[in-house]
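Just below is one structure, and these are the notes that go with it.
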Amino acid sequence: MEQVIFYIFAIIIVVMAIASVTSRKILRAVIYLLMSLLGIAALYFMMQYNFLGAVQMAVYAGGIIILFIFAVLLVHQIEGKLEEPSTGRKIGMAALSLFGLGITLVTIYSHKFTVVEASKDFDVKDIGRGLLGTGEGGFILPFEVISIILLAAMIGSIIIAKGQKKEVKK
Amino acid sequence: MIENVSIYELLTLTTILFFIGLYGFLTRKNLITMLMAIELLLNTSVINFVVINKYLYPDVLQGVYFSIFIIAVAAAETALAISIIINLYRLRTSVDITETETMKY
Amino acid sequence: MDFSYTIFILIIPIAMFLLLGFFYNKIKPAISGWIGVAGLTAVAGMSYYTAYQYFFNIPKVDGKFQTFFGFKMNWMNFTDTLRIDMGILLDPISIMMMVVVSTISLMVHIYSRGYMHGDRGYTKFFAFLALFTFSMMGLVVATNLFQIYIFWELVGVSSFLLIGYYYEKPSAVAAAKKAFIVTRFADLGFLIGILLMGYYGGSYDFMELNNPEGFNTILENAPQKFMGISVITTALVLMFMGGAGKSAMFPLHIWLPDAMEGPTPVSALIHAATMVVAGVYLVARMFPMFHFFDDGFALHVVAWVGAISSLFAAIIALTQTDIKRVLAFSTMSQIGYMMLALGVSKYDGHEGLGYMASMWHLFTHAMFKALLFLAAGSVIHAVHSNYLKDMGGLRKYMPITNITFLIAALSISGFPLTAGFFSKDEILVAAFEHNKPIYFITLFIAGLTAFYMFRLYFGIFWGKKKDYEHAPHESPWSMTIPLMFLAFMSIASGYLPFSEWVTADHEAIHGHIGLFSNLGVIHWDMAAIAIVTGLLGIAIAWFFYKKPTDYPAKISAAFGRFYKWTYNKFYIDEVYMFITHKIIFKRISTPFAWFDKKVVDGTMEGIGNRTVDFSKLIKGVQSGKVQDYAFAFVGGVFVLVLIVLYML
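Here is the structure:
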């Protein structure tokens, strides 16, 4: 049963991803991306990483996609069709991608993965303790670093996007 | 682990997504759509971390933590990229990639 | 006797050259003239002192004069056998040449102070004269073949600079180029000769080469025969080719008439008295080798080339109208005399009469030829023209020039009691004793010489008075004093006991000793024939030219086409032009030039152009497009992965 659901979600993700990169209307591309990301969140839920799935939906679907839509609005690109790349380019890049795909798949399939059965379930409490834990296996340092990164990104983007101040003539 | 779904199928899925994202990045002309393809790439790596964690090391949560970090970084990077695109739009009134080709021979 | 002061004979002129050359903007012209005269006076003084010490005060060994080295230094060593030394060799002929060069150079310096007065490049002129003096002195005191070659080329350079002194005249520039190129071409033979000589003879040093005891070992080491003559003789003939070029022997004489484009003091110094005798000096320096190998085959070449050149030049001089050109051909003729005297000479004792006569004639010729040129310069300075047709009756205006020119003309014609009489007589005796055909040619040339010289004399100083725009006046003292001194030497140098001093084997030729006893031991029968021939030439010239007559015109009409050929110098210049333009330039130079331009330049430029093309091809890598960079990045990663996974 899970297999069928997994395949449905997988197909949704892939189709939406392809649509996103090939769509000629920008807003539609953004929405297709949103669908793709939601599909990925579903995968997380299937793997019983509920917190991660929620984070995925909140940050990506709720934050980043909105950001994209606002960006599209700000650059006045919301109407009009996007240019299609030349056929040669398409074929070339597709060839590269397929080539890479082939190599990677061959490498993956030739490796023996030793799958281990899960022994216990996790919930948010464990994730929280791990993320802020100071002892063995704690991730407090990366956590603080991430917060600094986010602060820097915020300040940076404000300054970059602020633009020149208009001189007020008296 | 997901029942009856082997790790290979998941890894195949992520690989396909990765290369779709790569194709999108190399093919697109509009800066915003290129950024979207980058998001797809980053997402794929997140799935990879989670899958490996779930299937090969189910007793620990390092993969999940790392995924959270990746998501945070991706968000920050997207925000900055959007602001740069806005700035570029102010200078060039266009978000075509061809406007950024001045550092060449 | 310590002769190391002789190094100053070389240092003073080159120091003058450097001083005048570097500071010529800052030195006033008058000062540079005095610097030149002062320096040359010092050099001449040292030369006379050396000659006095050498010939009078130093005892002879076995009745022979010894060779001394004033200075010897090993300059460059290539291998054991290939060495270039520098040094000062003092033996009879080099000291004699030192005296000649310094005296004539001093006279020319004094004269130039007057002649070149007011000229814009006055200081430059004296600088070049100093350079020439240095080069010529270095040539005559050379200890080995390489040194003489180096100074040989330096003399050629000085000659080039001085001929082309009036550099704004295209004819002067062309003449300078011609002189340099012709002598350079001759020097090619000289260089090959030097190298052959050094290789097969075993040494480049004159002392080692000319040692008669070593000749047999040289013959054993160099037995190669080329068409019946040994390698050494070939080397000697090639070296003579170099000497023939420098001394304007037929057929390398074409530069000498054109060299008269230079100022007259230059013609006097270089092209009459000193540089053109460098070839004679070379043969004299190498005389033992010339004499010994292949029974003196090389000497036969020397003698006949000298005789032919002498005759050739004398015939052409009969018809020339530019007075300097007459004098140039006369010089060529007299040098031919010197060459043929060397050519008929043998080595030991009295047999070496030709050698002595040649050197004596070199000395006397330097005196009277320089005098003739300087007097001609005086005349040209007065009438502002080189041509006979613009002159006449000048004896009233220029008495000193008249008398001195007359003395020189008498001397060159072999008039009794002048220096030229003595030296020419010795040449005739030497020729008579060894080679009768050459004797008759020489005698005939003596008559021709007298004739054309007096044609010139009467044409300039007698004849009907011309209407001059401004009356010519006698030259200033700076110009006439050298004339007077040289006139004195044109007579007095006949009374020097040359046979006691300068001979082939350094032993005196007795029977010609003592001052004034030269008169006592002249072969009066030979002398009588010579005197008669000379007087005959003078008489014919008197008859034709003293008063204007139409005999010359009639005779030249009678000779018709031959006269025309002679007037055009037998068209040798045209032959050379034909050979160089039509044959060498068209057939040889043009293909080489094509090869150089298309193949060599093409390759070099082609390498450059292909590099540029290639770089244009690959500059596209730096396209500025992020997607291209990403493509390359990703593609490269995949290729590396493939390599690492599957091939390693």
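Protein chains in written order, with numbering that gives the first Met the number 0: chain S, 0 to 169; chain Z, 0 to 104; chain U, 0 to 647.
Don't be surprised by glycine CBs; every beta carbon is placed ideally from N, CA and C.
Quick check on residue i: does DSSP put it in helix, strand or coil?
| i | result |
| --- | --- |
| U:Leu514 | Unreliable positioning characterises U:Leu514 in this predicted model, as indicated by a pLDDT of 43, which lies under 50. The coordinate reading is nonetheless provided below. Correct three-state label for U:Leu514: coil. |
| U:Arg82 | strand |
| U:Asn567 | coil |
| S:Ile64 | helix |
| U:Val638 | helix |
| U:Asp1 | coil |
| Z:Ile31 | helix |
| U:Gly650 | Outside the modelled stretch of chain U, which goes from 0 to 647, sits residue 650 of chain U, for which no answer is possible. |
| S:Ser156 | helix |
| U:Lys224 | strand |
| U:Ser344 | coil |
| U:Tyr628 | helix |
| U:Glu604 | helix |
| S:Ser134 | Correcting the residue type first, residue 134 of chain S is Gly in the shown sequence and not Ser. S:Gly134 falls in the coil class under three-state DSSP. |
| U:Asp321 | strand |
| U:Tyr645 | helix |
| Z:Val94 | coil |
| U:Phe54 | helix |
| U:Val60 | strand |
| Z:Met0 | coil |
| U:Glu219 | helix |
| U:Tyr467 | coil |
| U:Ser229 | strand |
| U:Phe67 | strand |
| S:Ser48 | A small correction: the amino acid at residue 48 of chain S is Tyr; Ser does not occupy that position in the sequence shown. Three-state result, S:Tyr48: coil. |
| Z:Ile100 | It is worth fixing the name first, because residue 100 of chain Z is Glu in this sequence and not Ile. Coil at Z:Glu100, not helix or strand. |
What does residue i reach in chain U if we use C-beta pairs closer than 7 Å?
| i | result |
| --- | --- |
| Z:Leu21 | Val633 |
| Z:Ile15 | By Cβ distance, chain U contributes nothing, its closest Cβ being about 16 Å from Z:Ile15, past 7 Å. |
Closer than 8 Å by beta-carbon distance: list the chain S residues that pair up with residue i, in chain order.
| i | result |
| --- | --- |
| Z:Lys103 | Correct list: empty, because the minimum Cβ distance to chain S is about 18 Å. |
| Z:Asn47 | Simply none; closest approach about 11 Å. |
Residues of chain Z with CB under 9 Å from residue i, in chain order?
| i | result |
| --- | --- |
| S:Glu67 | Residue 67 of chain S is actually Phe in this sequence, not Glu. Correct list: Ile31, Leu34, Met35, Glu38, Thr77 and Ile81. |
| U:Phe630 | Leu25 |
| S:Ala14 | According to the sequence displayed, residue 14 of chain S carries Val and not Ala. By Cβ distance, chain Z contributes nothing, its closest Cβ being about 10 Å from S:Val14, past 9 Å. |
Along chain S, in chain order, which residues have C-beta atoms closer than 7 Å to that of residue i?
| i | result |
| --- | --- |
| Z:Asn3 | Glu1 and Gln2 |
| U:Val640 | Ile102 |
| Z:Ile6 | Phe112 and Val114 |
| Z:Arg135 | The structure shown does not extend to residue 135 of chain Z, since chain Z spans only 0 to 104, so no value can be given for it. |
List, in chain order, every chain U residue whose beta-carbon is nearer than 9 Å to that of residue i.
| i | result |
| --- | --- |
| S:Thr106 | Val640 and Leu644 |
| S:Leu95 | Phe630, Val633, Gly634 and Phe637 |
Please compile the residues from chain Z whose C-beta is within a distance smaller than 8 Å of the C-beta of residue i.
| i | result |
| --- | --- |
| S:Ile148 | Ala71, Val72 and Ala75 |
| S:Val170 | The structure shown does not extend to residue 170 of chain S, since chain S is modelled only from 0 to 169, so the question has no answer here. |
Check the Cβ of residue i against every Cβ in chain U and list those closer than 8 Å, keeping chain order.
| i | result |
| --- | --- |
| Z:Ile96 | Lys624, Val625 and Gln626 |
So with CB distances below 7 Å, who are the chain Z contacts of residue i?
| i | result |
| --- | --- |
| S:Ala160 | Ser82, Ile85 and Asn86 |
| S:Lys89 | Thr26 |
| S:Gly5 | For the sequence presented, residue 5 of chain S should be read as Phe rather than Gly. Going along chain Z in sequence order, the residues near S:Phe5 (Cβ under 7 Å) are Ile1 and Val4. |
Give the residues of chain S in contact with residue i, contact being defined as C-beta atoms less than 9 Å apart.
| i | result |
| --- | --- |
| Z:Ser44 | Within chain S, no residue comes near Z:Ser44; the closest Cβ sits about 12 Å away, beyond 9 Å. |
| Z:Thr99 | Those do not exist, as Z:Thr99 stays about 14 Å from chain S at its closest Cβ, beyond 9 Å. |
Segments of 4+ residues assigned as alpha helix (DSSP H) that fall wholly inside the segment 131-167 of chain U: DSSP runs (the alpha helix (DSSP H)) wholly in the segment 131-167 of chain U: 144-162.
When Cβ atoms are compared, which residues of the segment 589-605 of chain U fall closer than 9 Å to chain S? Result list empty, no residue passes.
Using a Cβ distance threshold of 8 Å, determine whether the segment 164-172 of chain U contacts the segment 201-217 of chain U, with at least three qualifying pairs required. Because the criterion of three Cβ pairs below 8 Å is not met, the segment 164-172 of chain U and the segment 201-217 of chain U do not touch.
Taking only runs that begin and end inside the segment 72-121 of chain U, name each unbroken beta strand (DSSP E) of 3 or more residues, in chain order. The DSSP assignment places 82-89 as complete runs of the beta strand (DSSP E) inside the segment 72-121 of chain U, in order along the chain (cut-off: 3 residues).
Counting only runs of 4+ residues fully inside the segment 257-282 of chain U, write out the alpha helix (DSSP H) ranges in chain order. Contiguous alpha helix (DSSP H) elements confined to the segment 257-282 of chain U occur at 263-267, taking only those with 4 or more residues.
The segment 124-141 of chain S in contact with the segment 17-37 of chain Z per 3-pair CB rule at 8 Å: Touching, no, given that fewer than three Cβ pairs across the two stretches are closer than 8 Å.
Counting Cβ pairs closer than 8 Å, one from the segment 382-389 of chain U and one from the segment 416-424 of chain U, do we hit at least three? A contact between stretches requires three or more CB pairs, one per stretch, nearer than 8 Å, and the segment 382-389 of chain U fails this requirement with the segment 416-424 of chain U.
Okay, do the segment 336-353 of chain U and the segment 68-87 of chain U touch, 3+ Cβ pairs below 8 Å being the bar? Touching, no.
Chain Z contacts made by the segment 603-625 of chain U, where a contact means CB separation under 8 Å: Listed in sequence order: Lys618, Gly619, Gln621, Ser622, Gly623, Lys624 and Val625.
With 8 Å as the limit, tell me which residues of the segment 571-584 of chain U have their beta carbon closer than that to any beta carbon of chain S; keep them in chain order. Taking 8 Å as the Cβ-Cβ cut-off against chain S, none of the residues of the segment 571-584 of chain U qualify.
Report the residue ranges of all beta strand (DSSP E) runs contained in full by the segment 9-74 of chain Z; include only those spanning at least 3 residues, in chain order. DSSP runs (the beta strand (DSSP E)) wholly in the segment 9-74 of chain Z: none.
Inside the segment 284-332 of chain U only - beta strand (DSSP E) runs reaching at least 3 residues: Runs of the beta strand (DSSP E) inside the segment 284-332 of chain U: none found.
Counting Cβ pairs, one atom from each stretch, are 3 or more of them under 8 Å apart for the segment 51-67 of chain S and the segment 58-78 of chain Z? Touching, yes, given that three or more Cβ pairs across the two stretches are closer than 8 Å.
How about the segment 269-278 of chain U and the segment 366-384 of chain U: do they share at least three Cβ pairs that are nearer than 8 Å? Enough Cβ pairs lie closer than 8 Å, so yes.
Contact residues within the segment 33-48 of chain S, judged by C-beta distance below 9 Å to chain Z: In summary, the residues of the segment 33-48 of chain S whose CB is separated from some CB of chain Z by less than 9 Å are Ser35, Leu36, Ile39, Leu42, Tyr43, Met45, Met46, Gln47 and Tyr48, in the order they occur in the chain.
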